[in-house]
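Below: one structure, written as structure tokens.
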């Protein structure tokens, strides 16, 4: 299975470089965007397994970006972790209310970032597996069922051998 693709969105080039380094060391493929508008454009081109999204950016801030992601059926289920120096409870709640899946304060602690991204990527892949399984079940009822190879691989990785037979 291909390396998980994570989109990092921040207007600070140093922050992007640091986050990229952390994620690439763990085997993630990393894309980057420098504001919310660029994020939405890139997500329209390639759906990431997870998004690491800063709040304070020009043009379209992180809160508005995650709201737009959630309002689009194509991107509504992409996991998002908000990263910001605004660590108080009101901003954490605002991030969650906007639609973020998680919140991470700055300065970013590498191990915590990796743990959160790993969890979000797992959630993303499980959502895709559920969608593929739902399609498989629909095909069963139509008599055209064949378990896709990528779903077979995922079942194998999750240790669910009996479903791939």
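In this note's numbering, the protein residues as written are 11 to 175.
Think of the CB as a built atom: it goes at the ideal place given N, C-alpha and C, for glycine as much as any other residue.
- Using a 10 angstroms sphere on the CB of residue 72, the tally of other CB atoms reaches 16 or more, which defines it as buried.
- For residue 13, the closest alpha carbon among the candidates 148, 144, 140, 135 is that of 135.
- Residue 77 and residue 36 have their alpha carbons spaced roughly 29 Å apart.
- No residue range can be given for residue 85, since it is assigned to no beta strand (DSSP E) and is classified by DSSP as neither H nor E.
- Assignment of residue 18 by DSSP, reduced to helix, strand and coil, places it in the strand class.
- Between the C-alpha atoms of residue 59 and residue 89 there is a straight-line separation of about 7 Å.
- Here residue 108 is buried. Its C-beta has 16 or more other C-beta atoms within 10 Å.
- Taking all protein chains in view, the Cβ of residue 16 is crowded by 16 or more other Cβ atoms within 10 Å, so the residue is classified as buried.
- A Cβ-Cβ separation of about 6 Å places residue 111 in contact with residue 91 under the 8 Å criterion.
- By the neighbour-count definition (other C-beta atoms within 10 Å, threshold 16), residue 126 is a buried residue.
- About 16 Å separates the Cβ atoms of residue 46 and residue 29, ruling out a contact at the 8 Å cut-off.
- Counting every other CB atom within 10 Å of its CB across the protein chains shown gives residue 98 a total below 16, marking it as exposed.
- Taking 7 Å as the cut-off, the beta carbon of residue 18 is found closer than this to the beta carbon of residue 62.
- For residue 53, the enclosing alpha helix (DSSP H) stretches over residues 46-55.
- Boundaries cannot be given for residue 118, as no beta strand (DSSP E) includes it and DSSP labels it neither H nor E.
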